[in-house]
Structure formats: C-alpha cells, structure tokens
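Participant: Numbering (our numbering), first residue to last: 1193 to 1443.
Backbone N, C-alpha and C fix where the C-beta goes; we use that ideal spot for every residue, glycine too.
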Ligand code: NAI
C-alpha cells in the first residue's frame, strides 16, 4: 500500500531498544524510514539495534543515547539530529516507566520520577521535534499514552495522571501545530505483553485479562501497527486523536 511507505523520512522513536518502541522502530524501518533508535543511556544497545534494522530492511539507521527525563540531553540530541540528518519527519514519544502506588503511599520522589519520564519527556521532545519539522514543512508526532490515562485504575493515580497529561498535550499541540503541517496523535494501549507488564502479580494479571473483551493480552506489534498508520500518509487528515489499542478492555 503506497500510503504506508516512509522512504526518505527520518523517524525518532524514544525508548526503542525493546518492547513497543523496538517493534515500532522495526515497523517504520520495514516501510523505508531511516529510524533513530534511542536508549536512555546505553549507546551500544541502541547502535546494535540500529545495525539490526539496516541488516533486516536495507535502510540507514542511527542510534542515540538520550534520557527522556533530562531536557538538556533532549536539546543536545536534536542539535545532533539536525547536524546528521538535517530533518526529522516522525517522532514517536514511546519511552515510559510504570510505577504503581496506592494514594496513601505516593512519595514525592515517585511523582517526580514518573512525571519526568512520562510527561515532561514527551513535552520536551515534542517541542524540539516541532521546531525541526517546521523547517521543512511538517511531520507527524505519535505519543504513547495508556488506557490508564483515559480510564484510570487503582494504584495508578500518578501513572494515570502522567498519561492523561499526554492526552492533553496531544490535543493542544495538534491544534497549535496543524497550521504548520504537523499532525499530533496518540495511541492508548491496553494490556500489552512487554517487560513493563511482566512484573504484574499473576492474580492481578488474570483479572486484567478477564476484563479484555477479546480475552487476550495484546502484542507490541499490534501497537506498532497503529503507530505506523498514524505516522504515515494514510493518516494525512487525522490529528488530535487518541487511538485505543486494547482489545475492548474494560477498566
Ligand atoms: P518497556 O518497559 O518494555 O519499554 C519502555 C522503554 O522506554 C524501554 O526501552 C526503556 O529503556 C525506555 N525508557 C524508560 N525510561 C527512559 C528514559 N528516561 N529515557 C529514554 N528511554 C527510557 O515498556 P513498553 O510496554 O514497551 O511501553 C512503551 C510505552 O507504552 C510506554 O510509554 C508505556 O507507558 C506505554 N504503554 C504500555 C502498555 C503495556 O501494557 N505494555 C500499556 C499502555 C501504555
């Protein structure tokens, strides 16, 4: 399908050495994009993943160590991206952390950690990416939020707040950046089989799966497909949307 091809486009996927981010990097590279693989601090891991993309899909790929919680590292990363690629067409704000606490147990440190990575990170990346995208007439930004950000969950007041903020960021940025040809959308996964969810206690995990209409957990590839769609030309007239990928999960 021609609208899915991304040849000549440069894409940054944050937190993309594993999980949903890695599957997204693979999906974008498989459709022709030059993908910049990002790790928080492990430059070698990002380089190894970039080499895998080049090997598998015959596309250029790049690697970037950059902590989504550090605005100065983000600014420096975009200086580097501009220096190397001269452009950025796609940003996928995927990096995230999950830390649960019941309301009475929430510490200031936890709030700080979760918001820095899950909310401030996407905001700083979006800000820097939009600046670069405006130089060449537009681009597409896809933010990873969560069903917890739209529906809430016990023990997830902080994570849910952080992800709800990403919905607000998506909708506001979509309005502000539309005149500049930049589309901003979000994907809201339900329960997806990655390292992030493998730590959930078995009983709780079973309860969560029981609440999924389709009766099974999702795969990172299924989320990556939604990101791929929103990042490319098939979604050329779609902005400010939150696309659930949750198998009909009820929370
Ligand atoms: P994961 O834990 O497998 O991967 C997260 C990635 O983000 C890792 O590569 C990690 O190193 C990276 N990361 C963490 N902190 C970072 C930082 N400060 N700077 C740069 N990179 C950092 O998790 P998964 O499941 O792949 O999650 C991806 C996104 O999807 C996250 O934003 C998560 O909140 C969201 N999500 C996941 C769901 C799930 O069920 N797995 C459900 C809903 C949303």
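1. Does at least one heavy atom of ligand 2 sit under 6 Å from the Cβ of residue 1201?
2. Check whether the Cβ of residue 1260 sits closer than 6 Å to any heavy atom of ligand 1, and report yes or no.
3. Can you give the Cα-Cα distance for residue 1402 and residue 1272, rounded to whole angstroms?
4. What do you reckon, are the CB atoms on residue 1286 and residue 1213 nearer than 7 Å?
5. Look at the alpha carbon of residue 1411 and the alpha carbon of residue 1436, and state the distance between them as a whole number of angstroms.
6. Roughly how many angstroms lie between the CA atoms of residue 1358 and residue 1312, to the nearest whole one?
7. I'd like the span of the beta strand (DSSP E) that includes residue 1228, first residue to last.
8. Could you check the C-alpha separation between residue 1404 and residue 1382 for me, to the nearest Å?
9. Please classify residue 1288 as buried or exposed, where buried requires at least 16 other C-beta atoms within 10 Å of its C-beta.
10. What are the boundary residues of the alpha helix (DSSP H) that residue 1283 is part of?
11. Decide if residue 1260 is buried, meaning its Cβ has at least 16 other Cβ atoms within 10 Å, or exposed.
12. Does DSSP put residue 1384 in a helix, in a strand, or in coil?
13. Is it the case that the Cβ atoms of residue 1205 and residue 1217 are separated by a distance below 7 Å?
14. Taking the alpha helix (DSSP H) that residue 1320 falls in, what are its first and last residues?
15. Please give me, in chain order, every unbroken run of the beta strand (DSSP E) with length at least 3 that falls completely inside the segment 1343-1408.
16. Under 7 Å between C-beta atoms, does residue 1243 make it to chain C?
17. Over the uninterrupted alpha helix (DSSP H) stretch that includes residue 1301, give me the two end residues.
18. Please name the residue or residues paired with residue 1256 in a DSSP beta bridge.
Facilitator: From the atom records:
1. For the structure depicted, ligand 2 is absent and the ligand set comprises only ligand 1.
2. Translated into positions along the chain shown, residue 1260 becomes position 68. Yes.
3. Within the chain shown, the letter at position 210 stands for residue 1402. Within the chain shown, the letter at position 80 stands for residue 1272. The alpha-carbon of residue 1402 is positioned some 46 Å away from that of residue 1272.
4. Here residue 1286 refers to the residue found at position 94 when the chain shown is read from its first residue. Here residue 1213 refers to the residue found at position 21 when the chain shown is read from its first residue. Going by C-beta atoms, residue 1286 is nearer than 7 Å to residue 1213.
5. Position 219 of the chain shown, counted from the start, is the residue given in the question as residue 1411. Position 244 of the chain shown, counted from the start, is the residue given in the question as residue 1436. Rounded to the nearest angstrom, the gap between the Cα atoms of residue 1411 and residue 1436 is 14 Å.
6. Taking the first residue of the chain shown as position 1, residue 1358 is located at position 166. Taking the first residue of the chain shown as position 1, residue 1312 is located at position 120. Just so you know, the alpha carbons of residue 1358 and residue 1312 end up roughly 9 Å apart.
7. Mapped onto the chain shown, residue 1228 falls at position 36. First-last of the beta strand (DSSP E) with residue 1228: 1226-1231.
8. Stepping through the chain shown from its first residue, residue 1404 is reached at position 212. Stepping through the chain shown from its first residue, residue 1382 is reached at position 190. Per the coordinates, the alpha-carbon of residue 1404 lies some 9 Å from the alpha-carbon of residue 1382.
9. Start at 1 with the first residue of the chain shown, and residue 1288 comes out as number 96. When all chains shown are included, residue 1288 counts as buried.
10. By 1-based counting over the chain shown, the position of residue 1283 is 91. Counting along the chain, residue 1283 falls outside any alpha helix (DSSP H), though it belongs to the beta strand (DSSP E) covering 1282-1285.
11. By 1-based counting over the chain shown, the position of residue 1260 is 68. Buried.
12. Numbered from its first residue, the chain shown carries residue 1384 at position 192. In the three-state reduction of the DSSP assignment, residue 1384 falls in the strand class.
13. Counting from 1 along the chain shown, the entry for residue 1205 is found at position 13. Counting from 1 along the chain shown, the entry for residue 1217 is found at position 25. Closer than 7 Å, so yes.
14. To locate residue 1320, count along the chain shown from 1; it is residue 128. Counted as a single uninterrupted DSSP element, the alpha helix (DSSP H) harbouring residue 1320 occupies residues 1313-1327.
15. For the segment 1343-1408, whole beta strand (DSSP E) runs of length 3 or above, ordered along the chain, are 1374-1381.
16. No chain C appears in the structure shown, which is made up of a single protein chain.
17. Counting from one through the chain shown, the residue named residue 1301 turns up at place 109. Taken as a continuous stretch (DSSP letters only), the alpha helix (DSSP H) holding residue 1301 covers 1300-1307.
18. Along the chain shown, read from residue 1 onward, the residue named residue 1256 stands at position 64. Note: residue 1256 sits in a beta bridge opposite 1230.
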